[in-house]
Amino acid sequence: MWQDPIVDEVRKARDEYAKQLNYDLRAIYQDIKEQETKAGRKTVSFPAKHTKPLEV
């Protein structure tokens, strides 16, 4: 199977980042949220879209 070097590089970076936080998803989420806050950029949140259940 063909290997994409860019995909390999991204996966390696992702793994190294997760390893720094012991692969703890809560810690990863918290770290990302802190980075967003420090960046000082405006973020936009949209209301959730509720869907109607499908009738079968």
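Heads up, the sequence shown is in our numbering, so the first residue is 4 and it goes up one at a time. Beta carbons: idealized from backbone N, C-alpha and C, even for Gly. None of these values were measured; they are calculated from a predicted model.
task = Classify Thr46 as helix, strand or coil using the three-state DSSP reduction.
result = coil
query = Looking at the unbroken alpha helix (DSSP H) that takes in Asp11, where does it start and where does it end?
reply = Pro8 to Gln23
ask   = How about Leu24 and Ala16: do their beta carbons lie closer than 8 Å?
value = no
request  = State yes or no: is the C-beta of Thr46 within less than 8 Å of the C-beta of Glu39?
outcome  = yes
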